[in-house]
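Working notes for the structure below.
In my numbering, the protein residues as written are 2 to 497.
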C-alpha cells in the first residue's frame with residue numbers, strides 16, 4: 002500500500018485530566034499530606050508543621066523555597082527534575098519524588114489550594130481553584146501573585162488547602178505521617194498540630210538486616226514482639242524506599258496463623274521501582290525479583306527463631322505437666338504401698354523433684370564445711386569418727402536421643418525414677434521404660450494432640466507414667482496391671 006499523503010496529529014490533553022490525576026492518584030486521600038511533607042523533605046526543610054483545622058489544612062516548611070523559575074518547574078506535570086537532580090543541594094538528601102504529579106494530590110481532599118513560597122528576596126502565591134480551572138477550557142494558566150518577602154518568615158513553602166471535601170482524623174494522619182515520611186532522617190522533624198512525631202519503637206527480639214545485591218543494599222531490622230504486644234492490626238513488615246513506607250508485606254508468612262501478628266519491622270530497599278501512587282512495587286522488575294530472594298532467606302531465619310521459641314514454651318509447659326503428674330503419683334503410691342514397685346513410700350513425705358535437660362541433673366559436691374547433722378569431728382585430728390558410711394544413692398542413667406531431651410526425676414521411697422521426654426519418631430512407641438527410666442515420645446500423634454490441650458495435659462502425662470509404673474511391678478496378668486494403673490490415677494486426681 003503506497004503512501005498517498007503525510008501529515009501530523011496534535012496530541013492534546015483535556016484539562017479535566019489534571020483534576021482526575023489529583024483525585025484518583027492515591028487510594029486514600031490522607032496520603033496527600035504525606036506527599037506534601039515529603040516535598041518539604043526534598044526541599045531540605047528541617048521542620049514541617051501540619052495543622053488540621055475544620056475548614057482548612059496548612060502544611061508549612063522551612064526548606065529552600067522556590068524562585069520564579071522553580072515555581073514554574075513545580076507546576077510542570079510529570080517533571081523529571083527530581084530524577085535529574087536526585088540529591089538536595091543543602092543536605093544531600095536522596096529525593097523521594099520521582100513522577101512530578103504529587104502536587105495535584107491536594108485535589109483528593111480540597112477544591113482549592115494555595116502555594117505560598119519564598120526564597121531570599123522572591124516571594125509569590127499561586128492559587129489553584131478547581132471550579133475556575135474547569136470553567137475556562139483552553140487556558141492552561143494559574144493566577145500568580147508576586148509578594149513582598151517576609152524577613153521574619155524566611156525561606157520555605159506553605160501549602161493551604163481550603164474548601165475541603167474530606168474530613169481527616171488526627172489519629173489517621175499521625176499514623177500515615179509516621180509510616181510515610183522519613184522521620185529517622187537527621188535534621189528533619191515533623192509536627193502535627195504542634196506535637197512532634199517520632200518513629201515507632203518496638204521491643205522484642207531483633208534481627209538486623211544487611212544484604213547486598215547488584216542493585217543496591219537491603220537494610221533494616223525485623224522485630225519479633227512479645228505476645229503481649231502482638232496485634233492483628235497493620236500486619237506485616239514495612240517495606241520502605243528512601244525512608245518512606247510503600248507497603249506492608251508478609252512475604253508468604255500469612256499462612257503461619259496468629260503467630261504472624263508478632264512479626265514487625267522495617268526493610269529499606271531504595272532501588273525498588275514503585276508505582277506512580279507509591280502504594281506498590283513493579284513486581285515484574287528484575288530489582289523486585291532480586292529483593293524477593295533476599296526476603297525469602299530472611300523469612301527462613303524468622304521461622305527458625307519462632308520454632309525455637311515454641312520449643313522453649315512447650316518445654317516449660319511439659320515440665321510443669323510432668324512435675325504436677327509426678328507429685329500426684331507420689332501421693333497415690335504413698336496411699337497404696339502395695340502398688341509401688343519401689344517399696345513403701347512414707348505417707349506425707351514430700352516428693353523430691355529434680356530436673357535436667359539432656360540427662361539427669363548431677364548432685365552438688367559437698368565441701369568440707371557442709372557436714373551433715375550428727376557427724377562428729379575429732380578435736381585433735383579434725384577427722385570424722387569412724388561411723389558406717391551411708392550408701393550413695395545413684396540415679397538411673399538416662400539415654401538421651403536428642404540434645405534437648407527434657408528429663409525430670411522423683412524420689413519414690415528408697416529409689417529414684419526419671420521421666421525423659423524425647424523424640425522417638427512419629428511411628429515410635431508412645432511411651433516405654435528401661436529400668437527406672439520412663440521415656441515419653443514427643444513425636445507421637447497422641448502426644449502432639451494432647452500437648453495442645455491445657456486442661457488434660459497433666460492427666461495425659463500421669464496416664465503414661467502410671468502405665469509404666471504398673472508394668473514395673475511383676476505381674477502375669479495385663480488386667481491386674483490395668484487395675485493398678487486405674488487405682489493410682491483415681492487416688493492421684495480424686496481428692497477424698
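Where a beta carbon is used, it is the ideal one built from N, C-alpha and C, also for glycine.
Coil, strand or helix - residue i by DSSP
| i | result |
| --- | --- |
| residue 199 | coil |
| residue 160 | strand |
| residue 193 | strand |
| residue 238 | strand |
| residue 61 | strand |
| residue 39 | helix |
| residue 343 | coil |
| residue 273 | coil |
| residue 11 | coil |
| residue 383 | At residue 383 the pLDDT is 47, less than 50, meaning the model places this residue with poor confidence; the figure from the coordinates comes in the next sentence. Reduced to three states, the DSSP call for residue 383 is coil. |
| residue 419 | strand |
| residue 444 | coil |
| residue 268 | strand |
| residue 4 | coil |
| residue 31 | coil |
| residue 492 | helix |
| residue 400 | coil |
| residue 209 | strand |
| residue 223 | strand |
| residue 243 | coil |
| residue 320 | helix |
| residue 331 | helix |
| residue 428 | coil |
| residue 53 | strand |
With 16 other Cβ atoms within 10 Å as the buried cut-off, status of residue i
| i | result |
| --- | --- |
| residue 259 | exposed |
| residue 215 | exposed |
| residue 134 | buried |
| residue 199 | exposed |
| residue 303 | buried |
| residue 477 | exposed |
| residue 1 | The question about residue 1 has no answer, for the chain in this structure spans 2 to 497. |
| residue 411 | buried |
| residue 171 | exposed |
| residue 342 | buried |
| residue 457 | exposed |
| residue 119 | buried |
| residue 449 | exposed |
| residue 61 | buried |
| residue 243 | buried |
| residue 276 | exposed |
| residue 403 | exposed |
| residue 266 | buried |
| residue 298 | exposed |
| residue 234 | exposed |
| residue 311 | exposed |
| residue 246 | buried |
| residue 454 | exposed |
Candidates the options, of which the one nearest residue i by Cα
| i | options | result |
| --- | --- | --- |
| residue 1 | 107, 133, 203, 124 | Since the displayed the chain opens at 2 and closes at 497, residue 1 lies outside it and no answer follows. |
| residue 281 | 304, 249, 232, 262 | 249 |
| residue 68 | 257, 156, 162 | 156 |
| residue 116 | 90, 76, 98 | 76 |
| residue 460 | 242, 417, 492 | 492 |
| residue 97 | 37, 456, 347, 295 | 37 |
| residue 209 | 453, 201, 408, 221 | 221 |
| residue 41 | 9, 4, 152, 92 | 92 |
| residue 163 | 131, 496, 408 | 131 |
| residue 122 | 408, 139, 152 | 152 |
| residue 57 | 11, 94, 114 | 114 |
| residue 270 | 184, 195, 219 | 219 |
| residue 417 | 427, 430, 432, 439 | 439 |
| residue 334 | 4, 494, 229, 7 | 494 |
| residue 225 | 261, 179, 301 | 261 |
| residue 52 | 319, 316, 196, 272 | 196 |
Whole-number beta carbon distance between residue j and residue i, since they are thought to touch under 8 Å
| i | j | result |
| --- | --- | --- |
| residue 193 | residue 168 | Rounded, the Cβ-Cβ distance is 16 Å, inconsistent with contact. |
| residue 274 | residue 283 | 4 Å |
| residue 182 | residue 35 | 6 Å |
| residue 434 | residue 469 | 4 Å |
| residue 467 | residue 490 | 6 Å |
| residue 443 | residue 465 | Between residue 465 and residue 443 the Cβ distance is about 11 Å, and since that is not below 8 Å, they are no contact. |
| residue 227 | residue 205 | 6 Å |
| residue 436 | residue 345 | With a Cβ gap of about 20 Å, residue 436 and residue 345 do not count as contacting. |
| residue 45 | residue 71 | So it is not a contact: roughly 13 Å between Cβ atoms. |
| residue 147 | residue 125 | 5 Å |
| residue 177 | residue 32 | 6 Å |
| residue 324 | residue 409 | 6 Å |
| residue 212 | residue 295 | 5 Å |
Entirely enclosed alpha helix (DSSP H) segments - the stretch 107 to 177, minimum 4 residues: 131 to 136
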